[in-house]
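Q: I'd like to ask some things about the structure below.
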Amino acid sequence: ADNIRYGRPEASNAEIAAAAHQLGDGSWLDDLPEGLATDVGERGARLSLGQRQLVALARVLLQNPAILLLDEATASIDPLTEAQVQTALAAVLRGRTSIVIAHRLSTVRAADRIIVLRDGQIIEEGNHADLLAGGGHYA
């Protein structure tokens, strides 16, 4: 719980639990030996990469920022964990301005606007369906 509380020290245990359970159905907590009371170790050493991502996303929900910047939120995680993180991302991104940097299409598919860069230049822009239909680099 303290690891999620990091960005908002005054948060109650109930608020922390609510944030953690908003990510998917909260089932990721069942994988932790002591749930929210699990000692995660220094820099989250006792957590999987996916669990670390979920803790970070729970922090975001607790802080509730107006603008969010995510850089490769699903990098280095296995497909099963990616599905959990994608579900969590949907909850985190809902209702806020977000800039998401990603290489995986699954991470940006629901974005209102996608900007495709190559060599630092914008080469395409649009939503997922329009970019696929355009048959360009994104597709």
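Letter 126 of the sequence shown, counting from 1, is numbered 205 in this note's numbering, and no numbers are missing. Glycine included, C-beta positions come from ideal geometry on N, C-alpha and C. None of the values given here were measured: they were computed from a predicted structure.
For the pair the region 182-189 and the region 141-154, tell me if three or more CB-CB distances fall below 8 angstroms.
A: yes
Q: Per the contact definition of three or more C-beta pairs closer than 8 angstroms, is the region 113-123 in contact with the region 166-184?
A: no
Q: Indicate the three-state DSSP secondary structure (helix, strand or coil) for E113 in the structure shown.
A: coil
Q: Counting Cβ pairs, one atom from each stretch, are 3 or more of them under 8 angstroms apart for the region 192-199 and the region 131-142?
A: no
Q: Evaluate the contact criterion for the region 161-168 versus the region 86-100: three or more CB pairs, one atom per stretch, below 8 angstroms.
A: no
Q: Is the beta carbon of G103 closer than 9 angstroms to that of T166?
A: yes
Q: By how many angstroms is the C-alpha of A208 removed from the C-alpha of A190?
A: 10 angstroms
Q: Could you check whether the Cβ of L168 sits closer than 9 angstroms to any Cβ belonging to chain C?
A: As a matter of chain content, chain C is missing from the structure shown, which is built from one protein chain.
Q: Measure from the alpha carbon of P158 to the alpha carbon of each residue in N92, L128 and A145, then state which is nearest.
A: L128
Q: Identify every run of the beta strand (DSSP E) within the region 130-177, keeping only runs that are complete inside it and at least 3 residues long; order them along the chain.
A: List check, beta strand (DSSP E) in window: 146-150.
Q: Helix or strand or just coil, what does DSSP make of L196?
A: strand
Q: Is L148 near I178, with beta carbons less than 9 angstroms apart?
A: Between L148 and I178, the CB-CB gap stays under 9 angstroms.
Q: Hey, quick one: how far does the alpha helix (DSSP H) through E89 stretch, first residue to last?
A: Per DSSP, E89 belongs to no alpha helix (DSSP H) and is neither H nor E.
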